[in-house]
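Read the structure below first, then the notes.
Residue numbers (full-length UniProt numbering), protein chains in the order written: chain A, 1 to 217; chain B, 1 to 217.
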């Protein structure tokens with residue numbers, strides 16, 4: 001069954017792989033699954049055809065036969081179930097991989113998205129400069145806790161799983177901010193993820209869609 | 001195998017069921033699984049014993065034999081896999097239930113948590129009043145999209161799933177704000193969830209832990 005991935009026609013991130021389709025491309029590359037791209041313009045993303053597939057008007061959308069999925073977390077978990085590279089066999093180990101996937105998108109990513117909002121959507125507001133230290137400190141709090149938990153381990157649960165894939169994808173958003181450099185164990189963890197051949201292929205595959213000035217990170 | 005749930009010793013929400021252990025209690029009640037509570041104080045939540053189980057110093061923590069899980073999304077999905085009430089048999093339907101679970105915590109909840117931050121953590125900041133309309137409009141945007149997708153359906157995917165359980169749990173956080181009343185279809189959807197006997201039992205079970213002044217919602 002062929003896999004179709006709806007992604008940005010032109011990603012606004014200047015080629016840094018921050019769009020949420022990159023994490024799906026990475027999972028597909030780890031699993032060794034072929035896929036076709038369906039680039040969607042910003043305008044088309046808000047039109048009925050796309051909104052019928054993705055009610056929040058976003059990318060990515062994953063289609064495989066009768067199944068249509070949105071939410072990058074659900075998509076990468078669906079892909080992970082097809083690949084021992086992304087999910088171990090043991091039921092408890094699978095539950096903990098999914099736990100880290102949720103921790104990435106529900107505990108670590110929200111304060112990071114606040115930084116994007118603060119730097120882009122609210123950049124011209126009168127409170128922007130004064131509020132920024134609060135936004136950064138909320139991220140530092142989570143990074144400190146995550147770094148303490150990771151310690152000197154290579155991955156979060158022994159071997160690489162889809163939980164690492166998502167956590168690293170979320171942390172990559174911080175690369176330009178300098179915050180990651182304050183946590184050398186996390187910076188090294190991200191570098192290990194980026195060094196994986198599957199990530200390299202995913203990164204290369206999203207580069208041609210990038211255009212325009214990079215977003216502040 | 002007995003199930004242990006670590007929850008707030010004293011929930012700060014004044015008994016409105018907003019703590020993240022309520023959604024887990026709800027899932028356990030839907031699945032008809034017995035569980036024991038291990039209430040944790042705010043102080044104990046930051047101590048090494050708890051942090052070893054929950055690296056971000058939060059509740060809930062779910063323990064079942066050798067398995068320890070945090071992240072309410074991962075916990076309710078683990079429970080859902082034990083119950084046809086929460087997850088259908090069909091593989092594609094299960095993937096879409098997980099998709100709505102992720103949509104709840106990763107797309108709908110973040111702007112709602114921003115409201116909590118704006119009303120509590122940043123309530124005394126000089127920008128609090130001026131920034132509030134932006135925070136509210138980001139929530140309205142998501143609620144409008146979700147309401148359009150739900151339409152006149154009872155649940156998000158035909159029959160009730162763990163995706164509805166989580167989406168309703170997230171929307172309940174808005175009850176006191178009045179925002180939900182702007183979207184009657186969502187208000188009715190939340191009311192349908194709250195009317196379920198399993199929700200009623202979960203709500204009643206968290207009431208004794210509630211104490212103190214309610215948080216602004």
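By construction, the Cβ of each residue, glycine as well, lies at the ideal position given by its N, Cα and C atoms.
- Among the residues of chain B, those whose CB is under 8 angstroms from the CB of residue 66(A) are 92, following chain order.
- Contact annotation: the segment 73-87 of chain B does not touch the segment 42-49 of chain A, with fewer than three C-beta pairs closer than 8 angstroms.
- Residue 154(B) is positioned such that its CB atom lies closer than 8 angstroms to that of residue 192(B).
- With a 10 Å radius around the Cβ and a threshold of 16 neighbouring Cβ atoms, residue 141(A) comes out exposed.
- Residue 48(B) carries a helical assignment under DSSP once its states are collapsed to helix, strand and coil.
- The beta-carbon of residue 99(B) is placed less than 8 angstroms from the nearest beta-carbon of chain A.
- Around residue 82(B), the same chain offers 31 as residues with beta carbons nearer than 6 angstroms, after the five sequence neighbours per side are excluded.
- Neighbours of residue 73(B) across chain A, judged by C-beta separation under 7 angstroms: 102 and 106.
- With the rule of 3 Cβ pairs closer than 8 angstroms, the segment 100-117 of chain A counts as touching the segment 163-177 of chain A.
- A direct Cα-to-Cα measurement between residue 21(B) and residue 4(B) gives close to 12 angstroms.
- For residue 88(B), same chain residues with a beta-carbon under 8 angstroms away, outside a window of 5 residues either side, are 94, 97, 159 and 161 in chain order.
- CA-to-CA, the gap between residue 64(A) and residue 6(A) works out to about 12 angstroms.
- Using a Cβ-Cβ distance cut-off of 8 angstroms, the segment 116-136 of chain B and the segment 196-205 of chain B are not in contact, since fewer than three pairs of beta carbons, one from each stretch, lie closer than that value.
- Secondary structure note for residue 143(B): its alpha helix (DSSP H) is the uninterrupted segment 128-150.
- In this structure, residue 28(A) sits away from residue 173(A), with a CB-CB distance that is not shorter than 8 angstroms.
- Looking at the DSSP output, residue 68(A) bridges to 63(A).
- At a cut-off of 8 angstroms between beta-carbon atoms, residue 122(A) makes contact with chain B.
- In this structure residue 108(B) is not in contact with residue 150(B), their Cβ atoms being roughly 12 angstroms apart against a cut-off of 8 angstroms.
- In this structure, residue 92(A) lies away from residue 137(B), with their beta-carbon atoms at least 8 angstroms apart.
- In the structure shown, residue 84(B) falls within a coil segment according to DSSP collapsed to helix, strand and coil.
- When rounded, the separation of the alpha-carbon atoms in residue 135(B) and residue 164(B) is 24 angstroms.
- Its chain contains 180, 186 and 190 as the residues whose beta carbon lies nearer than 7 angstroms to that of residue 171(A), once the 5 sequence neighbours on both sides are disregarded; these appear in chain order.
- With distances taken between CA atoms, residue 169(A) lies nearest to 101(A) out of 144(A), 101(A) and 204(A).
- Residue range 20-31 is occupied by the alpha helix (DSSP H) that includes residue 30(A).
- Under the Cβ criterion of 8 angstroms, residue 69(A) is counted among the residues facing chain B.
- Residue 24(B) and residue 208(A) have their C-alpha atoms roughly 43 angstroms apart.
- Comparing alpha carbon positions, the residue from 56(A), 188(A) and 33(A) closest to residue 84(A) is 33(A).
- Its chain contains 118 and 122 as the residues whose beta carbon lies nearer than 7 angstroms to that of residue 128(A), once the 5 sequence neighbours on both sides are disregarded; these appear in chain order.
- With 16 or more other CB atoms across the displayed protein chains lying within 10 angstroms of its CB, residue 70(A) is buried.
- With 16 or more other Cβ atoms inside 10 Å of its own Cβ, residue 60(B) counts as buried.
- Residue 26(A) is not a Cβ neighbour of residue 204(A), given a cutoff of 8 angstroms.
- Contact of residue 145(A) with chain B is assigned, a C-beta pair being separated by under 8 angstroms.
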